[in-house]
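Everything on this sheet refers to the single structure shown next.
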Amino acid sequence: MRLHNTETGAVQPLEGRDGPIRIYVCGITPYDTTHLGHAFTYVAFDVLVRALRAKAIKVRYVQNVTDVDDDIIRRARELNTTWDRLATKETALFEADLAALNVHAPDVFPRASQTIPRIIELVSKLEAQGHAYRSDGNVYFRVDSVTDYGRLSRLSREAMVKVSGERGADPADPRKRDPLDFVLWQRSAPGEPLWASPWGEGRPGWHIECSAMALQHLGDQIDIHGGGSDLIFPHHESEIAQSESATGVRPFARIWAHVGMLRYRGEKMSKSLRNLVLVRDLLQRYDSDSIRVLLLRHHYREPWAYEEEQLQDAQEWTRALQQRSKPVNAEEGAPPPAVREALEDDLDTPRALDVLRQLVEGGDARWRATADLLGLGLGKASSSEMGKTLGWPAPFHDPSNDRRVRPAR
RNA sequence: GGCGAGUUAGCCAAGUGGUAAGGCAGAGGUCUGCAAAACCUCCACCGCGGGUUCGAAUCCCGCACUCGCCUCCA
């Protein structure tokens, strides 16, 4: 398997070390899910994992939920509910949507609110190492304590400051020593969730939760770190700084895999812009195969603009394939080399779809194994394959985690 | 400022060195009392300029233009 690595700009081989492939994909902030852009990202990594497992490569796939976050708190207030209720509900919807799209569950599906002890441990370590400092009840990461902050996004310090300014951030926050320093732990405002910590009652900042969960579940180095390309800066840049500072192991991720952004009506599809095409709504009118085909027709790194015509087109294509596909008795045969080569070439799903079409049209029984590799049912009755998707683990009932949230109102 | 994707017919789009898939739209035809549907046929100087090669949409160099992302965000 060869994948494009954002950090080096090159397509690199994934294999070359022992043990399971460790994959961490940045998950959702559960307050307004699941739009087609989310689906694009998680379907892409679903196919990646399927392709690796089809080669008998062991994979450990972790996908997190960032459920402690400014937006969730704000939205919960708007909806007159609590942040954790909202997060639990939206996460369940997300799981149901992905299961409907035949996306296999990750092996571990942790959420930030249940990783607080780990987060505190990590922040303490960074503070002890001199990578972090306290200021007015908050703890900040000291960006100039690392030499190469900006190496993932390839931005100079000047550029990062400039971009931040243009984006309306406050580089002049007097509590920060450097405009680029970012919050690791913050004092909770009244009504916000809070946990006891060495710095007083507070909550984690954005970025640190992902480092904590990745290190906890995958160790000091991971093989593939994925997510939307909008996360490159500052989120993943900051994860690198935190993780490598804490562990001394670099690179934190051997390959950074970023998925292109989906646009709709001239703008990036985004919760804040409210220009969402929800998977839930599409599933009312289209079958999941058609939606998957639409997504797989686009290479994961390609930014593209959604139009409903494309989905209609994908549906016609999918129906034609379903009609022409001859039933296959068992799960016979492995996918042909052409499919595996396409997927191993930086996950070229458009090419793999074309091979699938040729197999079906040629009456080649290997079409079934190929469709499975791409997560397409193609008329298969609700059988074992579809049953596998029901395995999304409920992430929120682990009593071993010491959650010390106080009634927040 | 950086990074990324892209530029192929009216539109979408495949193509990974051997004289351009497919879909939509359009034109003509078969069929039909008429129409629809279905089926058949037709419709491309591959952004520009160099280079490599027997041969380039495809490889190399340069240029132009479009779009996207960059401390809410998959």
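When we follow the numbering used here, the leftmost residue of the first sequence carries the number 3, and every step to the right adds one.
Glycine is no exception: its CB is placed at the ideal position from the N, C-alpha and C atoms.
- The residue from Trp258, Pro337, Ala130 and Gln116 with its alpha-carbon nearest to that of Tyr302 is Trp258.
- The residues Asp222 and Gln223, in chain order, have a CB closer than 7 Å to that of Val251 in the same chain once the five nearest residues on each side in sequence are set aside.
- DSSP lists Arg265 as the beta-bridge partner residues of Lys270.
- In the structure shown, the three-state DSSP call for Trp85 is helix.
- Taking every protein chain shown into account, the CB of Pro352 has fewer than 16 other CB atoms within 10 angstroms, so this residue is exposed.
- DSSP places Leu5 within a strand segment (E or B) once states are collapsed to three.
- Taking 7 Å as the cut-off, the Cβ atoms of Val110 and His219 count as close.
- For Arg177, the secondary structure class from DSSP, reduced to helix, strand or coil, is coil.
- Under the DSSP assignment, Phe184 falls outside any alpha helix (DSSP H), being part of the beta strand (DSSP E) whose first and last residues are Phe184 to Arg189.
- For His260, the three-state secondary structure derived from DSSP is strand.
- Distance check between Ala322 and each of Thr36, Glu168 and Gly381 places Gly381 closest, using alpha-carbon atoms only.
- Distance check between Leu275 and each of Arg265, Asp283 and Val281 places Arg265 closest, using alpha-carbon atoms only.
- Spatial neighbours of Gln317 in its own chain (CB-CB distance under 7 Å, excluding positions within 5 residues in sequence) are listed in chain order as Tyr288 and Ser292.
- Of the residues Arg79, Ser290, Thr31 and Gly193, the one whose Cα lies closest to the Cα of Leu233 is Thr31.
- In this model, Ile118 and Arg359 are separated by some 48 Å (Cα to Cα).
- For Val145, the closest of Ser158, Val49 and Ala243 by C-alpha to C-alpha distance is Ala243.
- Phe42 and Val261 do touch by the CB rule: their CB atoms are close to 6 Å apart, below 8 Å.
- Between the region 63-82 and the region 101-116 there are three or more inter-stretch CB-CB distances shorter than 8 Å, so the stretches are counted as touching.
- At the C-beta level, Asp34 and Arg282 stay beyond 7 Å of one another.
- If you check the CB distance, Leu5 and Asp348 come in under 7 Å.
- Residues Thr31 and Tyr33 of the same chain have their beta carbon placed closer than 7 Å to that of Asp73, with the five preceding and five following residues left out of the count.
- Segment contact: the region 119-126 against the region 182-202, three or more CB-CB distances shorter than 8 Å; contact assigned.
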